[in-house]
Amino acid sequence: MARAKRQASTTRTRGQGGPQGQQEPNIYQQLLAEAGVATSQSSSERPLKRRKPSSQRGTGPGLSRASNTHQPSETENDTDESEDAEFQDVVLPAPTMQTMERDSDDEDEDEDEDEDADLQFEDIVFQPAVPENAAAVDEGSNLELNLTAQKASFSPSSRQGQRRKPMSNDEKQRRIHIHQAHLVCFLAHVARRNHWCNDATAQRQLRPHLTDKTINYLKPGAHLPQFGQSESLKNGLKQALAVWKTKFVITERGLRRALWAEDPEHLQHLRAKYELPTDMDSCLDRADFQEASKKLQGSRDVGAQLFCALLRSLGVRARLVCSLQPLSFTSAGPTLPKSTKPKPFTKVTQKERTKQAVAQYAAFAASAGASKDNVGSASTARRRLGHPNASNYDFQPSPAPPKPQRVLQSPAPIRESAHPVFWVEVLDRGYQKWQPVDPVVTHSFFRVKVFEPPITDKENCLSYVVAFDADGTAKDVTRRYAKAYTAKTRRLRVETALKDDGEWWRKVMMPLRKRRPSDLEQIEDSELADVEAREPMPRNVQDFKDHPVYALERHMRRCEVLIPGAKPSGTIGAGSRGSLEKIYRRRDVRVAKSADKWYRLGREVKPNEIPAKWLPKKSRPRGWRFGNDNDKDDGDGDGVDGGDSAGTPTYTIEQTDLYEPPPVRNGRVPKNKFGNIDAYVPSMIPRGAVHLVHEHAARAAFLAGVDYAPALTGFQFKGQHGTAVLSGIVVAQEFEAAVRAVIDGMADAEQELEDEKRRLVALRMWRRLLMSLRIRERIWSGVDEAERKEADREAEMEAALADAESDVTDEYDVEVEEEGGGFLLN
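Here you go:
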């Protein structure tokens, strides 16, 4: 019945208008007003469409409806104004700069967010409800809005992380050079540590830690089969690792990964406040290494080196292995942590908290005791014990002595990477195979895949793993420990940056190799090559980029195409919703070049060949200052250079043949329209001609009267303009001897000219000397011999005094006071 009444009243209210609608109040609104709950004013007529929350917010939330009268002149106007504030386009002020370029597309999103933020309101404290007989609310009342929090929540910085600035070419080259220097320094460091492992004193101190049984296990006899020798070595290593785990103690920090600073200011701040850590590795020379072998404590790097020395002292062939930690040459690696600003408040220690709690308890106890004395009804300790005259005594129990606190003398724990930097490789003579042993960090042996740290590890990175033998030779064994050497680890090495297929790294390792590879090294090389060949296909799309075996179409360069009939080797999905992409072999990818570029490589496109790919022309702005005057717009109105709208046709090497220039006929060399001959590669020299490279070759051919053509060997680009490089001349082969003879004659004539110049200079100097001697003889011709000797002696003394230091006291200007000061005034 109540529901029926409500529906009836609602229907009646909608149908009525004028004064009849004002006589029937809204009971629900009155109850809310009496309870002090603020409500929003609603329209007297139910709207035909659903209103958005913003339109209701436009009505004053602290206002109550004074009447239910339907007034189109006021209510509808307010509704229209709220709708205009929501849907009408806001006219933005004219920008101050019309030609400003945008760094990114995020500015458009920011403008849209600012417009949307104007329509969002913050929470407002509502006023008490207005009675029904109150006057109408003034339409000109305004609300103060604070949109700072809304703008901050929608700022682009909260959605996206701070982007790193791209490196310039100079910065890339600088990082590559630092990376190379760091590698050389690390190799020298590990070579010195490997030499310490052969120290006789350290080996003599380490040998007694193992029992005879363990030593026999570590040195299996040759009479045992392969399996028996391998099992004996495993048992010996297991016992040796158990002994080493109980005796060696890590007290210092070992080698860790080097990191870059993001900006120079950060680096200067670190230099100003940089201090060497107190727990750094203190083993810096051989004496410290011998002392560490006696105490059996130090960094975990020293622990691996001492274990290597222990195995070598027993006659076990062991290699010291190190994972070099150079500075990365890319910008994607981790950086040094930024220095945080000091907080305004200081951190309260546990001891200070305890003191504060004791002080508060003492103050509370004192206040409680004073209140008890004032009241006089509180009982003391003696009264509680039952003494009849306990109130006449002032009894205060003595405080309990403080408990002695336990002081921990153990050093602070050292947090390092969970993967080692130094470890040992032991030769398994049964199978002729090197096996890894980690005596300090993982305490494992014969497990290869536990040494590579994850990519998120900031203190360890496996990119170069070098093993040093007892004789000082070294070998790169990175492929043995890297799980994805071709897909991931190879990108962290210098051969990727130099693009020289590892030539620089091979030159650095050349002095550390053996002159003649042994059978064991050949077996190891074949093993490492097999490990690299058996590497599985990458599972990540990013790992296919620049992969030497596999390739995706999305990662192909602008000039790369697939050969016709290339068959995919598999498929990979780009995400959970992405479509499957085909995986091709890198051997099926070809480089496509234009006909002009193939010509500069000494090849020409076969006739009637269909282009393998059309390269779209690079768009350039209208009026580009490096464009040619002949370039015209193609009429599309996009402001790009004119030319073929289809682009540039490119061809693969299979679609070209070796270029054959026209041969030499009757001693005449074929030339182009510039009077030169294209000789970009040696195969472009015409048949019956020869290329002579000499600075005087053109002059010699001209003097000999032989037909020749300057050889165009390339172009030198400075900015956007290229300059032709002419190197030597091309002449007919029958005139080669004559031209070379003229060149030799010109060289002899030039040499004679140089000798003549030197002879004339020498004659001029001799003439000056002889003229000086004649003048001197003429001056001293009428002078006595004794007087001449005296003059010579005086001249020698004057020369000696002139060269000697002056002993005359330097005089300085003295400022004289006005009163004299002991000096006479003029």
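When you line the sequence shown up against the numbering used here, it's residues 332 to 1157, in that order. For glycine and all other residues, C-beta sits at the position ideal for the given N, C-alpha and C.
Cβ-heavy atom distance, residue i to the ligand MN, below 7 Å
{"i": "Asp769", "result": "Summarising the ligand content, the structure contains no ligands, and the ligand MN is consequently not present."}
Where residue i falls, given that 16 or more other Cβ within 10 Å makes a residue buried
{"i": "Lys949", "result": "exposed"}
{"i": "Thr542", "result": "exposed"}
{"i": "Ala466", "result": "In this predicted model, Ala466 has a pLDDT of only 44, less than 50, meaning its place in the structure is not dependable; the value taken from the coordinates is given anyway. Exposed is the call here."}
{"i": "Ala1080", "result": "exposed"}
{"i": "Trp945", "result": "exposed"}
{"i": "Ser857", "result": "exposed"}
{"i": "Gly634", "result": "buried"}
{"i": "Phe517", "result": "buried"}
{"i": "Thr1054", "result": "exposed"}
{"i": "Tyr816", "result": "buried"}
{"i": "Gly933", "result": "buried"}
{"i": "Tyr812", "result": "buried"}
{"i": "Asn525", "result": "buried"}
{"i": "Glu985", "result": "exposed"}
{"i": "Pro744", "result": "exposed"}
{"i": "Glu991", "result": "exposed"}
{"i": "Asp616", "result": "exposed"}
{"i": "Tyr881", "result": "buried"}
{"i": "Asp632", "result": "buried"}
{"i": "Ala649", "result": "buried"}
Distance, residue j Cα to residue i Cα
{"i": "Leu893", "j": "Met887", "result": "9 Å"}
{"i": "Val768", "j": "Asn566", "result": "13 Å"}
{"i": "Lys626", "j": "Pro784", "result": "30 Å"}
{"i": "Arg885", "j": "Leu911", "result": "12 Å"}
{"i": "Trp929", "j": "Val647", "result": "59 Å"}
{"i": "Ile786", "j": "Pro539", "result": "41 Å"}
{"i": "Arg535", "j": "Glu790", "result": "34 Å"}
{"i": "Thr827", "j": "Glu747", "result": "29 Å"}
{"i": "His878", "j": "Gly901", "result": "15 Å"}
{"i": "Pro980", "j": "Glu1085", "result": "56 Å"}
{"i": "Ile1016", "j": "Lys1088", "result": "40 Å"}
{"i": "Ala905", "j": "Asn871", "result": "8 Å"}
{"i": "Gly833", "j": "His554", "result": "43 Å"}
{"i": "Met1096", "j": "Arg1090", "result": "10 Å"}
{"i": "Ala1042", "j": "Leu586", "result": "57 Å"}
{"i": "Leu915", "j": "Pro895", "result": "A small fix is needed here, since residue 915 is Tyr in this sequence, not Leu. Distance between the alpha carbons of Tyr915 and Pro895: 12 Å."}
{"i": "Asn547", "j": "Gln853", "result": "29 Å"}
{"i": "Ala926", "j": "Glu935", "result": "7 Å"}
{"i": "Leu1104", "j": "Glu1116", "result": "17 Å"}
Start and end residues, beta strand (DSSP E) containing residue i
{"i": "Ala1042", "result": "1039 to 1049"}
{"i": "Arg934", "result": "934 to 936"}
{"i": "Gln766", "result": "764 to 769"}
{"i": "His510", "result": "Element bounds for His510: not the beta strand (DSSP E) but the alpha helix (DSSP H), 500 to 527."}
Nearest-angstrom beta carbon gap, residue j and residue i [assumed within contact, 8 Å]
{"i": "Ala1010", "j": "His1022", "result": "6 Å"}
{"i": "Ala533", "j": "Gln621", "result": "5 Å"}
{"i": "Arg584", "j": "Asp610", "result": "5 Å"}
{"i": "Ala1020", "j": "Val1062", "result": "7 Å"}
{"i": "Lys937", "j": "Thr987", "result": "7 Å"}
{"i": "Val808", "j": "Ala801", "result": "So it is not a contact: roughly 16 Å between Cβ atoms."}
Close Cβ partners of residue i (< 6 Å) along its chain, the five nearest in sequence each way excluded
{"i": "Gln570", "result": "Thr545"}
{"i": "Pro673", "result": "The predicted model places Pro673 with a pLDDT of 48, which falls under 50 and marks its position as unreliable; any figure quoted below should be read in that light. Here the set comprises nothing."}
{"i": "His513", "result": "Pro657, Leu658"}
{"i": "Ser624", "result": "Ala533, Gln536, Leu537, Leu637"}
Same chain, Cβ closer than 8 Å to residue i, neighbours up to 5 away in sequence not counted
{"i": "Gly559", "result": "Pro551, Gly761"}
{"i": "Pro770", "result": "Ala571, Leu572, Trp575, Lys576, Phe579, Gly634, Ala635, Phe638, Trp754, Val755"}
{"i": "Val1037", "result": "Gly998, Val1062, Ala1063, Phe1066, Ala1069, Val1070"}
{"i": "His1027", "result": "Ile1074, Met1077, Ala1078"}
{"i": "Val781", "result": "His750, Asp769, Thr773, Ser775"}
{"i": "Lys1004", "result": "none"}
{"i": "Gly1006", "result": "Ala1040, Pro1041"}
Opening and closing residue of the alpha helix (DSSP H) in which residue i lies
{"i": "Lys569", "result": "557 to 578"}
{"i": "Ser644", "result": "631 to 644"}
{"i": "Trp591", "result": "Premise fails: Trp591 is in no alpha helix (DSSP H) and is neither H nor E."}
{"i": "Val1092", "result": "1067 to 1110"}
{"i": "Thr545", "result": "543 to 549"}
Cutoff 7 Å; reference residue i; Cβ partners in own chain excluding five residues on either side
{"i": "Asp759", "result": "Ser561, Leu564, Gln766"}
{"i": "Thr804", "result": "Leu843, Arg844, Lys845"}
{"i": "Glu863", "result": "Arg810, Tyr816, Thr817"}
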